[in-house]
Amino acid sequence: VRRQRQMCIRDRIEVAEFFWYGCPHCYTFEPYINTWAENAPANVRFVRIPAMWNRGLQLHAQLYYTEEVLVASGLIKDPAAFREAVFVEYHRRGNRLGSKDAIQSFFARFDINADDFEAAWSSFEVNQKMRVASDLARRYGIASVPMMVVNGKYRASGQEAGSLDDLIELIDELVAREEYR
1009 VRRQRQMCIR DRIEVAEFFW YGCPHCYTFE PYINTWAENA PANVRFVRIP
1059 AMWNRGLQLH AQLYYTEEVL VASGLIKDPA AFREAVFVEY HRRGNRLGSK
1109 DAIQSFFARF DINADDFEAA WSSFEVNQKM RVASDLARRY GIASVPMMVV
1159 NGKYRASGQE AGSLDDLIEL IDELVAREEY R
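Take the position in the sequence shown, starting the count at 1, then add 1008; the result is the number in this note's numbering.
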């Protein structure tokens, strides 16, 4: 059983999206990648990784991973709606979520009390996730977003692919290529 489980994990194809909540292209790409992820093959593991190349992006990465921890603990019930609300807050309402206090106020709108927010925000788990994200971005040479990485081998953006529709097609093609490796 253990060997079977290891083989299943190893045979999964990872598709990673590097993003930033403040990126207008990431905001535009959001419905495309959400639709793709909902219909992704069963052997695909889709992950989101926040970009972290400056302090502002690091703050938003901490927001993202705090959200993940609060989703896992059951305090945020609808992660997709929360994620959409962050994009709307930044791009439509003009709140740049540029400080811990601004971010905590945003979480409070979703009934996350200050203690739960602080526990997640300052947690080892969030810090560890940020270290891993930073390392992956460095290893993959991520310098712009949105950027897709398929199985740690292929990196592509909408601009490189030609359009967001073309990027989705390219992701499908790369996933198919990895299935036959």
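Think of the CB as a built atom: it goes at the ideal place given N, C-alpha and C, for glycine as much as any other residue.
All figures in this text were calculated on a predicted structure; none of them were measured in a lab.
Quick check: what's the CA-CA separation for arginine 1185 versus serine 1113?
45 Å
Is there contact here, the stretch 1130–1140 with the stretch 1067–1086, by at least three beta-carbon pairs under 8 Å?
yes
Do you know whose CA, among Ile1021, Phe1027, Glu1022 and Asp1019, lies nearest valine 1153's CA?
Phe1027
List the endpoints of the continuous beta strand (DSSP E) containing methionine 1156.
1155–1158
Tell me which same chain residues have a C-beta within less than 7 Å of the C-beta of leucine 1083, skipping the five on either side of it?
Ile1120 and Asp1124
Candidates Asn1103, Arg1117, Val1183 and Pro1032: which alpha carbon is nearest alanine 1089's?
Arg1117
Cβ-Cβ distance between isoleucine 1176 and tyrosine 1040 below 8 Å:
yes
Relative to the C-alpha of asparagine 1051, which candidate in His1068, Ile1021 and Trp1044 has its C-alpha closest?
Ile1021
Nearest to arginine 1056 by CA position, among Gly1170, Arg1189, Asp1174 and Val1157, is which residue?
Val1157
Mind checking glutamate 1187: buried by the 16 CB within 10 Å criterion, or exposed?
exposed
Counting only the same chain and skipping the five closest in sequence on each side, list residues whose C-beta sits under 7 Å from that of tryptophan 1044.
Ile1176 and Ile1179
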